[in-house]
Amino acid sequence: MTRRRLAQELGVVAGFENPRAPLEQYHTPPDLAAHIVHVADLQGDIEGRTVVDLGSGTGMLALGAALRGPERVVGVELDPAPLSTARKNERKVAARPDVSWIRGDATRAPLCLDDATVLMNPPFGAQTGNEHADRAFLQTASAIARVSYSVHNEGSREFVEAFADDEGGEVTHAFAAEFDLPRQFEFHDSESSTLTAEVFRIVWR
Ligand SMILES: C[S@@+](CC[C@H](N)C(=O)[O-])C[C@H]1O[C@@H](n2cnc3c(N)ncnc32)[C@H](O)[C@@H]1O
């Protein structure tokens, strides 16, 4: 399946019904999710692997991975409401294998793994002033993954590289991505805004 076809398949994935600002609940656009999964697949990080989506929301990244032949896929999400949407999305996408959806705190390593591929678009901390809320997610990735792909806000490269270095990891790929964020929270003052994000592939050992 081409990257474009993957993005089309992911176009049916519904987003958050009642997004919660403190959890930074906005979903990854299908194009960006398809781009991340495609790059990961080309690197041999999806097929036959255990893929974990930390902060899986309504399932965009987990379902994208499930469409590229992994051995198993796990989605970990704190909030039960998007997990329920994710299950409905899974039926729409009809990917195999089934995704294991787990309600849990992604920052507390709820999984006994050390060789997973982690895909994640974690909270940035941008809304709460809690800069680098993504740090705890990276900590979990370093504990359970051989390789991770993570989306961060613009200007995170120095932080991500330093974090990876401290944990014995290495950033092997980085790319920028722009996407439109529709108005969904009260503090958004325009109908949509363009967010520039940075995506990093980190090999953890
Ligand atoms: C930016 S959204 C990304 C959602 C989804 N992965 C996607 O790509 O569309 C961040 C997600 O992380 C979840 N989240 C925030 N803190 C969490 C935590 N401590 N443990 C698990 N999930 C969390 C939010 O509820 C939200 O679904």
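Count along the sequence shown from 1, then add 3; that gives the number in our numbering. Using N, Cα and C, we set each Cβ at its ideal position, and we do this for glycine too. Since we're looking at a predicted model, the values are computed, not measured.
- The criterion of a C-beta distance shorter than 9 Å is satisfied by D44 and R71.
- If you look at E173, you'll find it in the beta strand (DSSP E) that goes 173-185.
- Sorting F127, D169, I39, E157 by C-alpha distance to the C-alpha of Q28 places F127 at the top.
- In this structure, A119 lies away from G58, with their beta-carbon atoms at least 9 Å apart.
- Placement of the Cβ of F19 at a distance of less than 8 Å from at least one heavy atom of ligand 1 is found.
- Bounds of the alpha helix (DSSP H) holding A65 are 63-69.
- Secondary structure of F140 (DSSP, three-state): helix.
- Judged by the Cβ position, N92 fails to qualify as a neighbour of ligand 1 at the 8 Å threshold, every heavy atom of the ligand being at least this far.
- By the criterion of a C-beta distance shorter than 7 Å, G18 is surrounded in its chain by H30, T61, once the five residues flanking it on both sides are discounted.
- Under DSSP, the beta-bridge partners assigned to T197 are D183.
- If you compare the alpha carbons of F140, R75, H155, T88 with that of I39, the shortest gap goes to H155.
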